[in-house]
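Following: one structure in structure tokens, then a few remarks.
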Amino acid sequence: MMRRILHLSQLVLLLCSLVAPAASAAEPQADPEAWRAVAPTPLPAKSVATPVPQVFRLGAMEVLLIERHDLPTISLQLLLAGGSAWDPPGREGQASLCMELLEAGAAKLNLDEISDKKADLAVAIDAWTGVEQQGLNMAVLSRNFLPSLDLFADLLLHPSLGPRHLANAVARRKAALLQTQANPALVARRVAGPVAYGAQAWGRLATEASLSALDVAGCTQHDAALSPEGAHLYVVGDVTRPALEKAWLARFGEWKTPAPKLAPLGKPLPPAGRVFAVDLPGAEQTLLHIMAPGPERTATDYEATTLMMGVLATGFTSRINMNLREKHGWTYGAGGSFQYRRDGSLLSLTAAVRVDASGPSVSEMVSEINTIRASPVTLDELAREKEGDILELPARWSTGKSIANTLQTLQYYGLPLNWYDGYAARVQAVDLAALQKAARDHLDVDAAVVLIVGDFKKITPQIEALISSGPLAGQVVHRLDTDGKPLPALAK
Amino acid sequence: MKGLAHAVVAAICAGWWLASAVAHAADMPRIPHEVFTLPSGLEVVLVSDRSVPLVAVDIWYHVGSSDEVPGKSGFAHLFEHMMFQGAKHIGEDAHFAVLKKAGASDINGTTSTDRTNYHEQVPSHQLDTALWLESDRMGWLLDTLNQKSLDNQREVVRNERRQRHDNVPYGGESFALAQLLYPEGHPRRFLTIGRHEDLQAASLADVQAFFRQWYAPSNATLCLAGDFEVGEAKAAVQKWFGTLPKVAAPQHKPLNTPQLLAPQQQTLVDPLARLERIHMAWHSPALYQAGDAELDLAAAILGLNGSGRLNKRLVAHEHVAQSVHAYQVSLQDSSEFHLVIDLRPGVVRSDVMAEIDYELQRLRKEPPSEQELKRAVLSAESHMVWGLEELTARCELLQAYRHYLGKTEAIAEDMLRYRNATPQSVAAVVARVLDPQRRVTVFTVPQQSALGGVP
Numbered sequence: 001m002m003r004r005i006l007h008l009s010q011l012v013l014l015l016c017s018l019v020a021p022a023a024s025a026a027e028p029q030a031d032p033e034a035w036r037a038v039a040p041t042p043l044p045a046k047s048v049a050t051p052v053p054q055v056f057r058l059g060a061m062e063v064l065l066i067e068r069h070d071l072p073t074i075s076l077q078l079l080l081a082g083g084s085a086w087d088p089p090g091r092e093g094q095a096s097l098c099m100e101l102l103e104a105g106a107a108k109l110n111l112d113e114i115s116d117k118k119a120d121l122a123v124a125i126d127a128w129t130g131v132e133q134q135g136l137n138m139a140v141l142s143r144n145f146l147p148s149l150d151l152f153a154d155l156l157l158h159p160s161l162g163p164r165h166l167a168n169a170v171a172r173r174k175a176a177l178l179q180t181q182a183n184p185a186l187v188a189r190r191v192a193g194p195v196a197y198g199a200q201a202w203g204r205l206a207t208e209a210s211l212s213a214l215d216v217a218g219c220t221q222h223d224a225a226l227s228p229e230g231a232h233l234y235v236v237g238d239v240t241r242p243a244l245e246k247a248w249l250a251r252f253g254e255w256k257t258p259a260p261k262l263a264p265l266g267k268p269l270p271p272a273g274r275v276f277a278v279d280l281p282g283a284e285q286t287l288l289h290i291m292a293p294g295p296e297r298t299a300t301d302y303e304a305t306t307l308m309m310g311v312l313a314t315g316f317t318s319r320i321n322m323n324l325r326e327k328h329g330w331t332y333g334a335g336g337s338f339q340y341r342r343d344g345s346l347l348s349l350t351a352a353v354r355v356d357a358s359g360p361s362v363s364e365m366v367s368e369i370n371t372i373r374a375s376p377v378t379l380d381e382l383a384r385e386k387e388g389d390i391l392e393l394p395a396r397w398s399t400g401k402s403i404a405n406t407l408q409t410l411q412y413y414g415l416p417l418n419w420y421d422g423y424a425a426r427v428q429a430v431d432l433a434a435l436q437k438a439a440r441d442h443l444d445v446d447a448a449v450v451l452i453v454g455d456f457k458k459i460t461p462q463i464e465a466l467i468s469s470g471p472l473a474g475q476v477v478h479r480l481d482t483d484g485k486p487l488p489a490l491a492k
Numbered sequence: 493m494k495g496l497a498h499a500v501v502a503a504i505c506a507g508w509w510l511a512s513a514v515a516h517a518a519d520m521p522r523i524p525h526e527v528f529t530l531p532s533g534l535e536v537v538l539v540s541d542r543s544v545p546l547v548a549v550d551i552w553y554h555v556g557s558s559d560e561v562p563g564k565s566g567f568a569h570l571f572e573h574m575m576f577q578g579a580k581h582i583g584e585d586a587h588f589a590v591l592k593k594a595g596a597s598d599i600n601g602t603t604s605t606d607r608t609n610y611h612e613q614v615p616s617h618q619l620d621t622a623l624w625l626e627s628d629r630m631g632w633l634l635d636t637l638n639q640k641s642l643d644n645q646r647e648v649v650r651n652e653r654r655q656r657h658d659n660v661p662y663g664g665e666s667f668a669l670a671q672l673l674y675p676e677g678h679p680r681r682f683l684t685i686g687r688h689e690d691l692q693a694a695s696l697a698d699v700q701a702f703f704r705q706w707y708a709p710s711n712a713t714l715c716l717a718g719d720f721e722v723g724e725a726k727a728a729v730q731k732w733f734g735t736l737p738k739v740a741a742p743q744h745k746p747l748n749t750p751q752l753l754a755p756q757q758q759t760l761v762d763p764l765a766r767l768e769r770i771h772m773a774w775h776s777p778a779l780y781q782a783g784d785a786e787l788d789l790a791a792a793i794l795g796l797n798g799s800g801r802l803n804k805r806l807v808a809h810e811h812v813a814q815s816v817h818a819y820q821v822s823l824q825d826s827s828e829f830h831l832v833i834d835l836r837p838g839v840v841r842s843d844v845m846a847e848i849d850y851e852l853q854r855l856r857k858e859p860p861s862e863q864e865l866k867r868a869v870l871s872a873e874s875h876m877v878w879g880l881e882e883l884t885a886r887c888e889l890l891q892a893y894r895h896y897l898g899k900t901e902a903i904a905e906d907m908l909r910y911r912n913a914t915p916q917s918v919a920a921v922v923a924r925v926l927d928p929q930r931r932v933t934v935f936t937v938p939q940q941s942a943l944g945g946v947p
């Protein structure tokens, strides 16, 4: 399948073809461009040091500052404890709504005034909510930093919530949900949560009913728990530590909310079954997700696992993409990776495929998993992934934004900020056996589930063929609605 | 060499610290660079910045879907896919694998109506590897071309169309708008992605002819940005591209975009839509031509997230719209101005149409306030500054100037278009271009069965 030619063998062929004919009588015309068949020898790689941020505390909050003065811009990312995991039961969507509403009102400013002020300063202030984190980001030209920070502080510390704003935001979310439930790619992403995690935090979804339960009291409670304790502030750009400290303390000096009490998340509770399907009449492609529990991010074989996933699924050259896209032409792109959480990960392989290739695509993806478990990868593949991973380090450290993202990710998993020291050596040490062990240990085919989202009128025979023979033989197809709730089985 | 990088930085920095509403030469971001042309006609732009050991390689071929002929819609983009399939000396399917091993990131190609680009970012010690790959497909693409590979990429591209257009809500409306805006035979009528039947009909002979017509070195511009010494980079470019033959640059046929004489509208029933959408569009002045910047500013005045007039009115105050987007799609020869409004369920569309018409009429008749204009200009400037961080983005900006204006030294001119706009000039362009008699509108409505049924 991989038709990549070794540079060395090209060199050998080239020499042969030039030397051999010389013995014959007819003098062939030498190709003046033949030298191009030899890949250039790269210069020695430049070494890159792991960037070291300035780390300090402002009150109870930890700050990581990456000072950069090449552009007159400053960006802040404030990460706060909390997230959708702690939405009260039946109020899924609460944290996300409340964070959004931080942008809608403040002590002395109404929504219009906030919008105008943002435009006057050309500042982007965006609230966001994840499962285990939530936060407020700001991006601004440095000359407008101080007035923008005034606004940022006002929104965070003095939220002002009217019932009318809340009702409007809820109505807007319901309309968005209605549209999401008709979008094949978004339905697949949405339903993947409950299929992989069940009712555990990572599988809970906001629904029409849960959005209807949200109220001002819930957001008041949510906002009152926003605390500097356990918070991290990532700052990138054109600001010095003293200037930042002074600006921050002048606005947040009195912010002393105690840390919220957050219950642990608990184990995933996936529903029984291996094959799940959602019917979307009118879908012009089929969305496929193959999922299985994976290792923790802090596992000692992380590098071997990542390299293995590079061969199997991550990036253009991965086997799954080369198979489904470049060999069969079934998709515009296929693949995936382990999606890590604090307490584990999920193998997630996805593809949007041609309707008539829905079943065969699942079979090929499963077959690629089985192959990489059963036999070692090629030396070419191993070299490509190892060298590529090591040489890509400068790109990871190329911009303030990419540095901040990397450091943030390390802290999320509880890894040290200097984790990338020695990374190259750790990657270099991975051999064929270590890579295959990672495949066997972490690609849990027996626990893998398949989610199929498409137009049942077109794909039912393929789904039936999938469960009549092959790796999913004998499985039952569990029909789900677009909230991931079970529907009655299809009559035979 | 550190000094040079700092000089770049200082120039940009000083300019922006001093920025004010009054335009003067010192008040501009700069991207110091060098331009030269090889005997083959290949133009080269070098942006040296030694702060990080990376180089962005970005080639524009001055051909896009607007150069397609009837019956071959989508071909420029399908061809772009074929450029990743291999070439004589690098071998088949080598491109991604070689770059992956070299530690490259941001590897891709894109096709628009006007041009096609190919780019990758490599660690600077691997610059030769990137130039090896790029020069081989510029010179020797056809040597490895084969039917199997074309059949495969045709399917890949048709899947791309399904993923981007056919299998997403509102995917049909951009095709419907294009057919209202452009007559039969116009290359923009079927969008850059093209029609399935045209893609299906593409042949090896088409690929060969397209390559020979458009992919000459004299129809391309190569930009390198990042960690290199200029003399060494010149030598490397000379080594890899210097022996490519000189062929006359192909001639583009300028597009003949008709004026619309009467408003047109169409209603689409979309099985994947659940919210009604109003999408209107007008023909508008080409990129960098008179009126283009004013329409960027008008788009911000109408649709800037939060503070735009239509956002405030329809989204924030009256709660009748889910979202409002206004934007000028700036293109060669002629552009398009778009206004897209998603309605809340249960809202009466004609009521919202009346409000949109009222706001458009207001902007035609009365100049916007100084404050509104200032916000719109600042938004454009801020967008420009944030866009200078990535190496590839710096190449893309210079490439755009070269392609559309014929020169790379154009940041100041570009920025002054915005700073010199006045409330009166914005209103005048809005009155001339966003004419109710020259508007096309597509209404997307959900299938009634989908709304009534059980999910």
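Residue numbers (the working numbering), protein chains in the order written: chain A, 1 to 492; chain B, 493 to 947.
Using N, Cα and C, we set each Cβ at its ideal position, and we do this for glycine too.
Model, not experiment: these values are computed from the prediction.
C-alpha gap between residue i and residue j, whole angstroms
i	j	result
B/L546	A/A60	38 Å
A/V38	B/F703	24 Å
B/Q939	B/L760	9 Å
B/S597	A/L415	25 Å
A/I390	A/A176	42 Å
A/I515	B/S616	This structure gives no information on residue 515 of chain A, because the portion of chain A shown stretches from 1 to 492.
B/Q751	B/R930	8 Å
B/L669	B/V821	13 Å
A/F56	A/L65	8 Å
B/D698	B/E560	11 Å
A/T220	B/L591	52 Å
B/S557	A/L136	41 Å
A/L109	A/E100	16 Å
Counterpart residues of residue i in DSSP-defined beta bridges
i	result
B/F733	Partner(s): none; B/F733 has no beta bridge.
A/N137	A/Q77 and A/D126
A/I463	Its beta-bridge partners do not exist; DSSP assigns none.
B/E584	B/G578
A/R354	A/Q285
A/E62	A/R57 and A/H232
Contact with chain B by residue i, beta-carbon distance below 8 Å
i	result
A/A224	no
A/V48	yes
A/I372	no
A/L391	yes
The alpha helix (DSSP H) enclosing residue i, as first and last residue numbers
i	result
B/V439	Residue 439 of chain B lies beyond the stretch modelled for chain B, which goes from 493 to 947, so this question has no answer here.
B/D843	R841 to K857
Local Cβ density within 10 Å of residue i, reported as buried at 16 or more and exposed below that
i	result
B/D635	exposed
B/T884	buried
B/W706	buried
B/Y674	buried
A/L249	exposed
B/E828	buried
Contact test: residue i Cβ vs the ligand ADP heavy atom, cutoff 7 Å
i	result
A/P32	Here there are no bound small molecules, and the ligand ADP is not part of this structure.
Boundaries of the beta strand (DSSP E) in which residue i is found, first to last residue
i	result
B/S827	S827 to L835
A/S337	T331 to R341
B/L870	Unbroken run through B/L870 is the alpha helix (DSSP H), E862 to W878; no beta strand (DSSP E).
CB contact check: residue i to chain A, cutoff 8 Å
i	result
B/P531	no
B/G595	yes
B/K592	yes
Residues of the region 63 to 77 of chain A with Cβ closer than 8 Å to any Cβ of chain C, in chain order: The chain labelled as chain C is not found among the protein chains of the depicted structure, namely A and B.
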